[in-house]
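Quick notes on the structure that follows.
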Amino acid sequence: MKRIITFLMLASWLTSSAVWAACDENITESSPSSRFVLNGGEAYDQQTKLTWNRCSVGTTWTNDTGCIGKVKLLGLDKAKQLAQELGGGWRVPSIEELYSIVEQKCFNPTINSRVFPTVTNFGEGAPYWSDTNVEEIPSLIYFIDFIDGAIDGHSKGFPLAVRLVRSEP
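In mature numbering (1 follows the signal peptide of the UniProt record, and there is no 0), the protein residues as written are -21 to -1, 1 to 148.
Structure representation (structure tokens):
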């Protein structure tokens, strides 16, 4: 009986939609929470001097539950247009900026989920646009998969998730 209950609890946990980061405690955090000053839906990175939107485009910050809503997948041109419409200096980050928030010690997701909650796995990862062309193949734009931290390139019309950033004056 005890084995059956243990099996049912394990099966329930494995099939839940929650994403639990797996972290290697032997690796030093690359983006610790102490590096960020949190102000509602924004996170100011004291190291890079960038302000990040804590929620992915399509979701909205609430103080009670964090990011709510459904992540929008956009082509790069649409993402840039949306950022411009929002005003306030929001933009799609460069690959270097986006990589600065990758958490090296964790995977699934490879981001500090206390600072940036609710990374959605779309079945083939959680790819987020940068605004940096792949030098060797200029028709491709770099993106980061926040499930495993991989960097790759895609054509700018392909729909990916977006996390906006702005530089401080």
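We put the beta carbon where it would ideally sit given N, CA and C, even for glycine.
In the three-state DSSP reduction, ILE74 falls in the helix class (H, G or I). The DSSP-derived three-state label of ASP43 is coil.
In the three-state DSSP reduction, GLU64 falls in the helix class (H, G or I). With 16 or more other Cβ atoms inside 10 Å of its own Cβ, ASP24 counts as buried. Taking all protein chains in view, the Cβ of SER35 is crowded by 16 or more other Cβ atoms within 10 Å, so the residue is classified as buried. Note that the segment 117 to 126 does not touch the segment 56 to 68; fewer than 3 beta-carbon pairs, one per stretch, sit closer than 8 angstroms. According to DSSP, VAL16 shares a beta bridge with TYR23. Annotation for VAL113: the continuous beta strand (DSSP E) segment containing it runs 106 to 113. As a beta-bridge residue in DSSP terms, ILE130 pairs with ILE123.
Within the same chain, Cβ atoms closer than 6 angstroms to the Cβ of ALA22 are found at PHE15, TRP31, ARG33 and VAL94, the five residues on either side in sequence being excluded. Your pair VAL141 and THR99 does not check out as a contact, with CB atoms roughly 12 angstroms apart and the cut at 8 angstroms.
With respect to the C-alpha of GLU75, the residue from ALA1, LEU17 and LEU29 having the closest C-alpha is LEU29.
CA-to-CA, the gap between GLY19 and LEU143 works out to about 15 angstroms. ASP131 and THR41 have their C-alpha atoms roughly 32 angstroms apart.
Here LYS84 is near ILE6, since their CB atoms are less than 8 angstroms apart. In the structure shown, LEU143 adopts coil according to DSSP, grouped into three states. GLU115 sits exposed, since fewer than 16 C-beta atoms from the chains shown fall within 10 Å of its C-beta.
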